[in-house]
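Going letter by letter, the sequence shown gives residues 47 to 452 in the working numbering.
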Amino acid sequence: MKEVLSDLPKLFASAPHRMMFFAGATAVIVSMLWWACWLAASWSGHAFPVAPVPAGWAHAVLAQYGMLPPFIFGFLLTVFPRWMGQPGLQRRRYVPVFIGMFAGYLLAHLGLLDLKPVLLLGLGMMLMGWLAALLALGGVLLRAGGKDAHARSCFAALVLGFAGLLSFAAFVLGAPASLATFSIKAGSFALLIPVYFTVCHRMVPFFSANVVGQGYRVFKPRWSLPLLWVLLLAHLALDMANQLALLWLVDVPLAALILAHWVGWQPWKCLKPGLLAALYIAFFWLFVAFALYALQSALFFFDQGFHFARAPVHALTVGFFGSMLVAMVTRVTQGHSGRPLQMGWIPWLTFVMLQGVALARMYAEITPESARWLVIAAFGWLLAFLPWVLRSLWIFLTPRIDGRPG
């Protein structure tokens with residue numbers, strides 16, 4: 047037993063995805079546990095420590111910049127060198143990313159319990175971890191001459207993500223609230239959607255072709271990443287300018303672009319294995335989100351009001367980000383732990399329950415009992431993710447079952 051414990055730090059640091067996925071899996075529970083308790087206390091009238099910043103803003107920022115990025119960094123720190131034919135990164139390049147991001151994230155959440163100096167310390171450490179990741183990934187990209195379009199797209203999103211997190215830290219220090227608004231919106235439209243779409247653009251056709259074989263036609267147009275960036279930045283600019291009635295001008299093309307890729311990837315050929323089918327189900331949520339964004343903007347344009355409120359946001363965040371997280375991370379975890387590329391009953395349980403959580407969170411926007419359904423959705427997230435998180439943490443802390451390193 048003593049031998050196993052003494053080898054654990056070396057095993058834990060043997061690959062970037064182990065450390066960073068461990069941080070992300072922990073954050074999946076921590077983020078929503080604080081938010082669920084805050085919502086439940088507000089709904090029931092019980093006292094709860096007052097966050098130094100608006101609680102809803104803290105939830106949005108730490109979920110987008112603290113919960114999901116560890117998975118992104120774990121993936122990119124592993125695959126960036128492979129994409130560009132370079133040797134893997136050394137531990138000294140990725141361990142600081144883990145320390146800064148994970149320790150900072152935990153401190154930031156502790157700071158939400160009415161401890162503003164701790165919140166600022168946590169945000170500062172997260173920024174240092176983020177900067178370490180940019181230096182590591184930027185070095186790989188620079189040595190490769192910046193020739194890989196997918197790597198350039200992901201790196202650009204991470205640079206904008208750093209700017210978004212820095213903006214929120216500035217707001218906590220006393221800068222105008224517009225910086226917090228920018229941080230929240232940029233987290234979705236300049237960081238997470240570009241990274242998620244870019245990785246899907248590269249990996250979904252690759253996974254599908256490997257499974258289907260000769261009957262599969264690879265669809266990976268070069269023009270779609272630049273077009274996506276233009277449309278997303280236009281959405282962000284219009285949203286920041288409060289031109290909500292004009293968002294449909296970019297959201298309709300975005301919905302069409304996403305649907306074109308989903309159809310172009312031929313989901314009807316990719317219903318098996320379950321890991322592949324889950325990727326397609328998750329990606330469809332992105333189309334649903336932008337279809338709702340476009341419809342909501344059109345209704346506002348015709349002076350019909352916001353009938354969906356924040357339902358499009360949560361079709362995006364819970365439906366797409368959450369579902370794709372389970373599908374993609376499960377695939378990477380299975381492959382990098384020497385396990386079969388199968389979904390398994392625990393990931394399927396989490397994935398299916400998460401579809402219900404997304405619908406519950408969207409329903410909370412249109413029901414008179416909104417507060418009750420917000421609590422249901424938050425605790426539903428915890429219930430859905432807990433078995434997946436526990437299984438994942440065990441895998442990240444144990445050796446590969448095939449005996450190989452990493």
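By construction, the Cβ of each residue, glycine as well, lies at the ideal position given by its N, Cα and C atoms.
Between valine 375 and phenylalanine 67 the beta-carbon gap is near 6 Å, inside 8 Å, which marks them as a contact. DSSP places arginine 377 in the uninterrupted alpha helix (DSSP H) bounded by 369-382.
Contact check for threonine 379 against serine 438 passes: the beta carbons are separated by less than 8 Å.
In the structure shown, proline 251 adopts helical secondary structure according to DSSP, grouped into three states. Closest by C-alpha distance to leucine 135, out of Trp129, Pro116, Pro62 and Ser199, is Pro62.
Here the C-alpha atom of histidine 281 lies approximately 27 Å from the C-alpha atom of methionine 172. Linking threonine 72 to leucine 322 through their CA atoms gives a straight-line distance of about 25 Å.
Straight-line measurement puts the Cα of threonine 413 at about 24 Å from the Cα of serine 369. For the pair alanine 340 and tryptophan 294, the CB atoms are nearer than the 8 Å cut-off.
DSSP places leucine 292 in the helix class (H, G or I) of the three-state scheme. Counting along the chain, histidine 92 sits inside no alpha helix (DSSP H), nor does DSSP assign it H or E at all.
In this structure, the CA atom of leucine 159 is about 37 Å from the CA atom of serine 383.
Ranked by how close their Cα comes to the Cα of glycine 426, the residues Ala182, Leu292, Cys83 and Ala179 have Cys83 in first place. Residue Ile239 holds the alpha-carbon nearest to the alpha-carbon of leucine 279 among Ile239, Val164 and Val264. Taking every protein chain shown into account, the CB of histidine 360 has 16 or more other CB atoms within 10 angstroms, so this residue is buried. In the DSSP assignment, methionine 171 falls within the unbroken alpha helix (DSSP H) covering 162-189. For the set Ala306, Val143, Ala226 and Val245, the Cα lying nearest the Cα of alanine 59 is the one of Val143. Secondary structure note for glutamine 342: its alpha helix (DSSP H) is the uninterrupted segment 320-347. Look at the stretch 117-159 and you find these whole runs of alpha helix (DSSP H), each 4 residues long or longer: 137-144 and 150-157.
Threonine 444 carries a coil assignment under DSSP once its states are collapsed to helix, strand and coil. As for any alpha helix (DSSP H) of minimum length 4 sitting wholly inside the stretch 379-422, the runs are 391-409, ordered along the chain.
Here isoleucine 447 is exposed. Its C-beta has fewer than 16 other C-beta atoms within 10 Å. Per DSSP, the continuous alpha helix (DSSP H) segment holding arginine 198 begins and ends at 195-218. Linking isoleucine 145 to methionine 65 through their CA atoms gives a straight-line distance of about 9 Å. For phenylalanine 228, the uninterrupted alpha helix (DSSP H) segment begins and ends at 223-232. For valine 276, the uninterrupted alpha helix (DSSP H) segment begins and ends at 270-286.
In the DSSP assignment, proline 451 falls outside any alpha helix (DSSP H), carrying neither H nor E. The stretch 208-216 and the stretch 104-116 touch, with no fewer than 3 CB-CB distances between them shorter than 8 Å. By the neighbour-count criterion, in which a residue is buried when 16 or more other Cβ atoms sit within 10 angstroms of its Cβ, arginine 418 is exposed. Looking at Tyr242, Ala209 and Val241, the one whose alpha-carbon comes closest to that of threonine 227 is Ala209.
By the criterion of a C-beta distance shorter than 8 Å, phenylalanine 333 is surrounded in its chain by Ala301, Ile304, Leu305 and Trp308, once the five residues flanking it on both sides are discounted. With 16 or more neighbouring CB atoms inside 10 Å of its own CB, threonine 244 falls in the buried class. For valine 264, no alpha helix (DSSP H) encloses it, and the DSSP letter there is neither H nor E. Inter-residue distance for valine 257 and leucine 387 is about 11 Å (C-alpha atoms, whole angstroms). About 14 Å separates the beta carbon of alanine 324 from that of alanine 404, a gap too long to meet the 8 Å contact definition.
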